[in-house]
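Working notes, structure below.
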Amino acid sequence: MASHSVQIRRDTIGLTLNGSLMRLYVAQPQPEGRWPGLLFYSDIFSLVIRSRARRIA
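Heads up, the sequence shown is in our numbering, so the first residue is 20 and it goes up one at a time.
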C-alpha cells in the first residue's frame with residue numbers, strides 16, 4: 020500500500036460581518052491549485068470541525 024504525504028496549510032482568520040467578528044479556520048492542501056471547496060458551519064468553534072476540515076483537505 021502506497022503512503023502519500025500531503026502538506027496542509029492551516030490558518031485562522033477573522034471576517035467582520037455587520038460589526039461582528041466571525042472566526043474562520045482554513046485548511047487547504049499544498050501546493051495551491053484548483054481544488055473543490057467545502058464550508059463547515061458551527062455556532063460553537065469546535066476542535067471537531069478543525070480536525071474534519073484538515074482530514075478532508
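Every residue, glycine too, gets a C-beta built ideally from N, C-alpha and C. Remember, it's a predicted structure, so these values are computed and weren't measured experimentally.
| Asked | Found |
| --- | --- |
| What does DSSP give as the partner residues of Val25 in its beta bridges? | According to DSSP, which records beta bridges pairwise, Val25 is partnered with nothing at all. |
| Roughly how many angstroms lie between the CA atoms of Ser24 and Leu40, to the nearest whole one? | 34 Å |
| Determine the direct distance from the alpha carbon of Ala76 to that of Gly52, and round the result to whole angstroms. | 12 Å |
| Going straight from the alpha carbon of Pro55 to that of Gln49, what length do you get? | 13 Å |
| In whole angstroms, what separates the C-alpha of Asp30 from that of Arg74? | 15 Å |
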